[in-house]
Each structure stands twice: as C-alpha cells, then as structure tokens.
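Heads up: the sequence shown runs through residues 44 to 479, numbered per my numbering. Built from N, CA and C at the ideal position, the CB exists for glycine as well. Given the structure is predicted, the values throughout are model-derived calculations rather than measurements. Input: a single structure, listed below in structure tokens.
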Amino acid sequence: MATKTVSLPKGAQYHCDYCRKDISHTIRIKCAHQQCPDFDLCVECFSVGVEIQKHKNDHPYYVMDQLKFPVLDKMWLASEELLLLEGIEMHGMGNWDDISDHVSTKSSDDCRDHYFSLYVESPTCPLPDLSKTFTDEEVAEAVKNSMNAEIVKPVRKTKTPGSQPMDQDLAGFMPRRGEFEVEYDNDAEYILTDMAFNDDDTPTERELKIAALHIYNQKIEKRVENRNFVVQHQLHDLKRMQHKDRRRSKETKTIYKRTRKLLQFVEIEEHEEFVKDLAAENVIRKRINDLLEYRKKGIRSMIDASNYDSLCRRRETQARKQRRESSNIYGYPERSKERGSRWLNRDKDPDAPQPVEVDISNAPGYDLLSLGERQLCESLYLYPSQYMIIKDALVKEYLKTGNLQKSTARFLVKIDVNKTSQVFDFLEQAGWINAQ
C-alpha cells in the first residue's frame with residue numbers, strides 16, 4: 044500500500060466519511076485512489092480497516108497533517124499560506140474580504156499586504172523567496188500566536204437604510220472584472236467538471252471528449268458575445284435605461300420592446316432612429332384612419348370633427364357614470380328613488396323609454412337561485428350576487444332580533460325603496476323572515 048504524508052490547511056472543514064466526526068483540526072487519512080475522490084477517514088476508522096461504498100482498505104492513501112510552522116513570514120503559518128492561495132484561486136484577485144473569510148485568522152488588509160509583499164514584489168516573482176529560515180523560538184512563537192489568534196470577520200461595507208442599490212448591483216455586473224455574477228449559460232462548465240484525458244482512453248472516448256471541448260468553446264464564445272453586447276450598449280446601466288424610457292411615449296415604448304432584438308445587428312443610434320420612424324408612421328396611420336372615419340360619418344371640416352370628438356367623449360363619460368351608478372347597491376338613495384319612480388310610472392307615460400332587458404342567466408351565482416328568486420332578480424334588474432347580499436343582510440337581522448320591519452330593511456339596504464320592498468315581501472312569503 045502506497046503511503047505519503049501531506050499537510051492539512053487549518054481552515055478547511057472535513058468530516059470522517061464513515062463516523063461523520065469532525066476531523067478538521069486533527070490528523071486525517073485521505074484516500075489516494077481515483078475511485079474515491081474527496082474521501083477522508085479519521086485515524087480510528089482507518090486503523091480498523093473500514094470499507095464503505097467504493098473505498099477498500101487496500102487503497103493507497105495520504106496522511107494529512109496540519110502545517111504548524113512558518114515558511115515565508117514568522118507571523119504566517121504554512122497552513123495560512125495555503126489557505127491564502129486557495130482563497131485567491133476560489134474568489135479571485137482583489138476580493139480580499141472573502142479571501143480573509145477563507146483564511147479566517149487574518150484580516151483583509153493583512154492578506155493583501157502579505158500577498159503583494161511576499162509574492163508580487165518578491166525578487167523571485169512570481170514565486171516567493173524560499174531562502175528564509177526560522178529558529179526554533181520563532182517557530183514556537185508562530186504556533187503560539189496561531190493558537191491564540193481569533194477568527195477575524197471581514198469588515199464589509201453596509202448600505203444605509205433606505206439607500207438605493209447601485210446599477211451594477213441590480214444587474215449583477217462587476218465593472219472591474221468586466222463580468223456578471225450570473226453569466227449567459229452559467230452552467231456551461233459543468234460538462235467539463237469530471238472530464239479528464241487519460242492514457243488508457245479509447246479513440247471513441249477521446250473523440251467524445253474533444254467534441255465536448257468544442258461545444259464548451261462555442262458556449263464560451265456566445266457568452267463573451269452577449270456580455271460585450273450588454274456592456275457596449277450599456278444595458279446594465281439602470282439609471283440610464285430608466286431615464287431614456289421615461290422620455291418615450293407609450294407607443295414608442297411598445298415599439299422599442301418589440302424591436303430591441305435588432306440591436307445585435309445595428310448600432311444603437313440607428314435603432315433609436317428606426318424606432319422614432321416607426322412611431323411617426325403609427326401616428327400618421329392613426330391620423331389617416333381618423334380622417335377616413337370622419338368622412339364616413341359625413342364630416343367635412345376640422346371644426347365639425349372637433350365637435351364630434353367632444354360629443355363622443357361626453358357620451359362615453361355619461362355611459363361610464365350610468366354603469367357605475369347602476370352597479371352600486373349601497374349609496375345614491377335619491378337617484379335610486381328617481382329611477383324607481385320612473386320605472387313604476389313607465390306605463391303612464393307612452394313616450395317613456397322602455398326598460399332594457401338584462402340577461403342574468405350567465406351571471407355568477409345564477410344557478411344558486413330558485414325559480415322564484417330568478418324571476419324576482421330579472422324583474423328588479425338585480426344580479427344574483429346583489430340579491431344574495433340583500434337577502435343575507437335581511438335574514439341575519441331577522442335572526443338577530445326575531446322581528447324585522449320594512450322601515451328597518453330600508454335602513455339596512457340603501458337601494459331603491461321599491462326594490463327593497465319587493466325583496467322584503469318575497470322573503471316574507473318564502474318564510475325566510477317574519478314581520479309580525
């Protein structure tokens with residue numbers, strides 16, 4: 044069985060894959076077989092030769108220990124150096140807050156200064172100077188300082204309450220990197236996660252892997268193309284886009300939304316001019332249709348057309364007002380009385396307009412009414428929902444008091460008094476209420 048001793052970064056979090064014990068800060072055994080990626084065991088489980096899943100007790104392994112000694116700086120242990128480089132690889136250069144969080148024992152300023160002084164400004168750059176040595180006292184002091192070090196929480200900039208997020212925050216755009224937090228086809232790298240070229244690959248397997256690389260390259264090219272398109276047209280600048288959108292009319296906004304896909308083929312100035320031309324064309328078309336409509340109605344002058352438009356607007360206003368009043372159950376008692384009186388006296392005036400028949404057969408709740416209730420609603424021009432509200436109010440009041448008079452019913456339901464009386468009489472005849 045092959046054996047190799049390696050060291051463990053301090054800040055990493057590990058658990059035994061068999062007993063689930065935390066082995067982050069102690070010696071652990073890491074399986075080196077290709078069938079067991081990221082497989083770790085504690086010393087106790089390893090000593091009894093446990094086997095789980097694909098792991099066998101004859102697999103090669105590494106002994107992972109902590110690196111409790113300085114390498115480049117007496118204030119930095121080797122484990123912290125590894126965590127620093129690992130954090131830079133994971134979070135990217137310049138993201139010192141997250142890197143400090145990964146190291147856990149150094150602040151963001153410490154991480155930045157240490158990296159630039161010992162790696163970037165090193166005479167052996169890009170490699171650090173490894174010629175420095177440390178005495179036993181310095182090593183012991185470094186270990187002692189590491190044991191007494193507290194976990195450093197990076198100081199992050201917090202937004203004041205009520206402050207508005209920046210445009211790039213809303214778009215997920217990172218200007219200094221020139222990238223988005225979530226890129227186009229963000230999962231494109233997953234097809235390459237577990238792929239590796241091995242010496243024992245068959246020609247077919249090798250061709251498949253090369254084809255996967257070609258597919259990945261096409262996705263990356265498309266990602267870069269879309270990213271450049273968004274940045275060049277400043278689509279990530281929210282304030283600029285909102286300012287432009289507010290200056291557009293409603294019709295222009297609609298045209299812009301329908302034609303903005305053309306931006307990938309033309310310059311932004313050409314597209315803006317194209318949108319303006321389409322909006323002007325729509326205005327002209329609408330004006331031509333209006334003039335044709337005027338001519339059909341016999342209107343020959345602009346003065347007559349203006350008067351016609353005013354009368355149409357007035358008629359629409361009156362129609363909306365009538366619909367609003369007719370649909371109001373509670374309120375407008377005086378107007379309701381006038382309409383009720385006109386309806387009762389309609390036969391006395393031969394010139395009175397005939398009431399319009401209302402079809403309530405398709406209205407909600409119609410199937411819940413009895414035959415008598417349907418006839419009552421049709422005669423009183425009440426929708427089923429309106430009738431059930433009135434009925435519910437009167438029956439509840441009767442059950443509450445044990446007696447109900449018409450005067451009380453008129454007070455409870457503020458609609459046409461004649462309609463209230465007829466509904467009251469119907470409920471009394473049906474036995475729902477009793478006026479005695």
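In the three-state reduction of the DSSP assignment, residue 217 falls in the strand class. In the DSSP secondary-structure assignment, residue 65 is bridged to 58.
DSSP, read as helix, strand or coil, puts residue 427 in helix. When DSSP assignments are scanned along the segment 105-154, the uninterrupted stretches of alpha helix (DSSP H) that are 4 or more residues long and fall wholly within it turn out to be 121-134, 139-146.
Partner residues in a beta bridge of residue 88, as assigned by DSSP, do not exist. Look at the beta carbons and you see the segment 80-91 touching the segment 57-65: at least three pairs across the two are nearer than 8 Å. Annotation for residue 339: the continuous alpha helix (DSSP H) segment containing it runs 311-339. Under the criterion of beta carbons closer than 8 Å, residue 455 and residue 440 qualify as touching, at roughly 6 Å.
Separation of residue 414 and residue 367 (C-alpha to C-alpha, rounded to the nearest whole angstrom) is 28 Å.
Nearest to residue 67 by C-alpha distance, out of 95, 93, 80, 108, is 108. The alpha carbon of residue 104 has as its nearest neighbour, out of 71, 134, 136, the alpha carbon of 71.
Boundaries of the beta strand (DSSP E) around residue 71: 71-74.
About 5 Å separates the Cβ atoms of residue 79 and residue 98, confirming a contact at the 8 Å cut-off. With fewer than 16 other Cβ atoms from the protein chains shown falling within 10 Å of its own Cβ, residue 236 counts as exposed.
DSSP places residue 222 in the strand class (E or B) of the three-state scheme. Residue 182 places its beta carbon less than 8 Å from that of residue 112. Sequence-distant Cβ neighbours of residue 116 in its own chain, meaning closer than 8 Å and more than five residues away, are 157, 161. Here the alpha carbons of residue 293 and residue 231 stand approximately 39 Å from one another.
For residue 297, there are no CB contacts under 8 Å within the same chain when 5 residues up- and downstream are skipped. Per DSSP, the unbroken alpha helix (DSSP H) holding residue 259 starts and ends at 246-275. Remark: three or more beta-carbon pairs, one from each stretch, lie closer than 8 Å, so the segment 114-129 and the segment 170-178 are flagged as touching. DSSP, reduced to helix, strand and coil, places residue 156 within a helical segment of the structure shown. The Cβ atoms of residue 460 and residue 433 lie no closer than 8 Å to each other.
Between the segment 234-250 and the segment 278-292 there are fewer than three C-beta pairs closer than 8 Å, too few to call the two in contact.
Nearest to residue 278 by C-alpha distance, out of 330, 215, 320, 430, is 215. As computed with DSSP, residue 83 is found in a beta bridge with 73. Here DSSP, grouped into helix, strand and coil, assigns residue 93 to coil. Of the candidates 429, 444, 474, 429 places its Cα closest to the Cα of residue 463. For residue 469, the enclosing alpha helix (DSSP H) covers residues 460-473. Each residue's CA atom was taken as its position, placing residue 340 and residue 333 some 11 Å apart.
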